[in-house]
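Q: First the structure, which I've put down as structure tokens, then a few questions once you've had a look.
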Amino acid sequence: MTMMMCSFCGCYEDSVDNFIRGPGGILICNVCVDLCNEILHKRLPEAYSSEQDALVAIIEMERASAEAKFGDADKAETWATVIAARKGLRAGRAKAARNEEEIGNGKLD
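According to our numbering, the residues represented by the sequence shown are 3 to 111, in order.
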């Protein structure tokens, strides 16, 4: 019998209460869900004063998640920076696409 393992922290089913199954067989344990909720409620402000503030918040969330997963602050910092950069790039591309669409529709001058 194969034991289930959290895709985020690597904990097995015998060390957590339960899992949430996501797309593609991804599993997240209750401990990681609690950590994510804590980060979202305590660290993220309602609105960011700039895109830079939003990127810093993403880096912090990713760092906390990676540190829990890897148990190594240096690895976590590197991982968080890479993931945040990817997310920032995707967000920037999506924003540019929306702006182009709005210009094409005459919504922006």
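Ideal Cβ positions, reconstructed from N, Cα and C, are used throughout, including at glycine.
1) How many Å lie between ASP16 and CYS31 at the Cα?
2) Just verifying my parser: in three-state terms, what is the DSSP assignment at MET7?
3) So VAL33 packs on ILE22, CB below 8 Å; how close in whole Å?
4) With a threshold of 16 other CB atoms inside 10 Å of the CB of MET5, please say whether the residue is buried or exposed.
5) Ends of the beta strand (DSSP E) at THR31?
6) Express the C-alpha separation of GLY73 and CYS38 in angstroms, rounding to a whole number.
A: This is what the structure gives:
1) The residue given as residue 16 occupies position 14 in the sequence shown. The residue given as residue 31 occupies position 29 in the sequence shown. One C-alpha to the other measures close to 11 Å.
2) Walking along the sequence shown from the start, residue 7 turns up at place 5. Strand, per DSSP.
3) Position 31 of the sequence shown, counted from the start, is the residue given in the question as residue 33. Position 20 of the sequence shown, counted from the start, is the residue given in the question as residue 22. Between ILE22 and VAL33 the Cβ distance is about 12 Å, and since that is not below 8 Å, they are no contact.
4) Within the sequence shown, residue 5 is the residue found at index 3, counting from 1. By the neighbour-count rule (16 or more Cβ atoms within 10 Å), MET5 is not buried but exposed.
5) By one-based count along the sequence shown, residue 31 stands at place 29. For clarity, residue 31 is Cys in the given sequence; the question names Thr instead. From DSSP, the beta strand (DSSP E) with CYS31 extends over 29-31.
6) Here the question's residue 38 lines up with position 36 in the sequence shown. Here the question's residue 73 lines up with position 71 in the sequence shown. Computed Cα separation, rounded: 16 Å.
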